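Just so you know, we're using this note's numbering here: the sequence shown kicks off at 743 and counts up by one.
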Amino acid sequence: MLEILFTSPKEARTIYSIFRKNRIENKSELQLLNDEVITINPTLWDVTVEKMIIPGFVQFICEHKEHEMMVTLIKQDYYFKDEDEQHQILQIAYSIMEGERTDIPGIKEGPSRELLLRKILSQFLKPNLSFSYAAFQRFRLHPYIERLRDYVEVAIEEYKLEQEYQVFIHNIREYLVKRETKVHQLFLVHKEKEYVLLNDQYRVLSEQELIQSIDQQFIYQHPMYIDSKLLAPLVSMAPNVINVYTDNQYDGMLHTIQNIFQERVTIHNLQEFKGHFKENKNREPS
């Protein structure tokens, strides 16, 4: 028989419900006593463990305990006390865990959380075992919690970078409010990783012209972030209109330009530029 003690009646009822759904008919006897003890008396131990107990624990921990563990890490180990900050860090962590943020560096390779839990449980569970779930979580889940810590640490670094980025964008917007417009309109052509700036006569602006246009005080104020070949000239010239021609509107630099200039930016398909270029009889930038 297996006996599991819970200090929380809610947790006991939750995992009991999960076990009931996973139970193989006529293979195990399952009871919940006083909303605090679950007993399992399997006819076939290996089958019950594999089909009912381990999947039940994995589901319970991932769906009902994981969030709490991650919040504890964020609060107690990394000292983020503000609930809004905790929420933002958790959102990033879950997006990484669910494979939505593969672009973020620093994510360690390793088995999934589910596989870690299955391994821990398969090594721990034995016939005629009586244990407290709280003690099991505290003393047996270290590999799983360390895996969660990996995600939390990467999420915190990404959160800090995103906060710095937002401050950067805000500061440049403030600069633009005070900056006198030097040109009314510019054209920006984006091909793969190349960016070409043109004036309103569709003439490519030379590297020397771009360097001369830069407000050096602006560069001095933003040394860590500003791109001197494109972003610095753009911001320094402070155009009222920027027509962007691209086949990749999700490009990182273009995303930053849109965040900074907002309604001043209009995105076009790269093919549209070729039509404009022919009409103006200018050489297309390479």
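C-beta atoms are modelled at their ideal positions from N, C-alpha and C, and glycine is treated no differently. Note that the structure is a prediction, hence the values are computed from the model and not measured.
Would you mind reading off the limits of the alpha helix (DSSP H) that contains residue i?
i    : result
Q837 : For clarity, residue 837 is Ser in the given sequence; the question names Gln instead. Its alpha helix (DSSP H) spans residues 825-839.
I914 : 884-920
Q865 : 855-866
S955 : 949-955
I746 : Looking at the DSSP string, I746 is not in any alpha helix (DSSP H); the run it does join, the beta strand (DSSP E), is 744-747.
E978 : The amino acid occupying residue 978 in the given sequence is Ser; Glu does not appear at that position. Counting along the chain, the alpha helix (DSSP H) containing S978 begins and ends at 973-979.
F960 : 958-963
A996 : First, the amino acid is wrong: residue 996 is Leu here, not Ala. Run containing L996: 994-1003, per the alpha helix (DSSP H) assignment.
E810 : 808-814
V789 : 787-790
Using the Cβ count rule (16 or more neighbours within 10 Å means buried), how would you classify residue i?
i     : result
Y881  : Sequence inspection shows Phe at residue 881; the Tyr mentioned does not correspond to that position. Under this definition F881 is an exposed residue.
E906  : exposed
S770  : buried
R1025 : Note that R1025 has pLDDT 47, beneath the 50 cutoff, so the model's placement of it is unreliable and the number below is only indicative. R1025 is exposed by the Cβ-count criterion.
P869  : exposed
N985  : buried
L930  : buried
L947  : buried
Y937  : buried
A877  : exposed
Y821  : exposed
I'd like to check one pair, residue j with residue i: are the Cβ atoms closer than 9 Å?
i    : j     : result
H932 : M979  : no
H926 : V983  : yes
V896 : I838  : yes
V977 : D993  : no
L858 : Y886  : yes
R762 : L775  : no
L973 : I1009 : no
E808 : I846  : no
A754 : I780  : yes
L928 : L918  : no
Q828 : V813  : yes
K971 : E949  : yes
H964 : F910  : yes
Y987 : E951  : no
For residue i, report the span of its beta strand (DSSP E) as first-last.
i     : result
Y937  : 936-940
S759  : Note, S759: premise wrong, no beta strand (DSSP E); alpha helix (DSSP H) at 751-764.
P797  : Careful: P797 lies outside any beta strand (DSSP E), inside the alpha helix (DSSP H) at 796-802.
H1010 : 1007-1011
Q773  : 770-775
F929  : 927-933
T988  : 983-988
S872  : 871-874
P784  : 779-784
Go through its chain and collect everything with a Cβ distance to residue i's Cβ below 7 Å, but skip five positions before and after it.
i     : result
K752  : none
P797  : N764
R889  : G852, R855, L858
L883  : I862
P784  : K769, S770, T790
S1028 : Only weak support exists for where S1028 lies, its pLDDT of 48 falling under 50; the coordinates are left without a value.
Q830  : Y901
R915  : I1002
A835  : M812, Y893, V894, A897
Beta-carbon within less than 6 Å of residue i's beta-carbon, same chain only, minus the 5 sequence neighbours each way: which residues are those?
i     : result
I766  : K793
F748  : A754, E778, Y875
E745  : T781, S872
F802  : I757, I760
R1107 : Any question about residue 1107 goes unanswered here, given that the chain covers just 743 to 1028.
Q991  : I1009
N1001 : I911
Taking 9 Å as the threshold (beta carbon to beta carbon), is residue i in contact with chain B?
i    : result
V925 : Of the protein chains in the structure, only one exists, and it is not chain B.
Could you pull out every residue in the same chain whose Cβ sits closer than 8 Å to the Cβ of residue i, ignoring the five residues on either side in sequence?
i    : result
K924 : S955, S978, M979, A980, P981
L815 : I887, L890, R891, V894
I961 : I968, S970, A974
L867 : L744, V791, I795, I796
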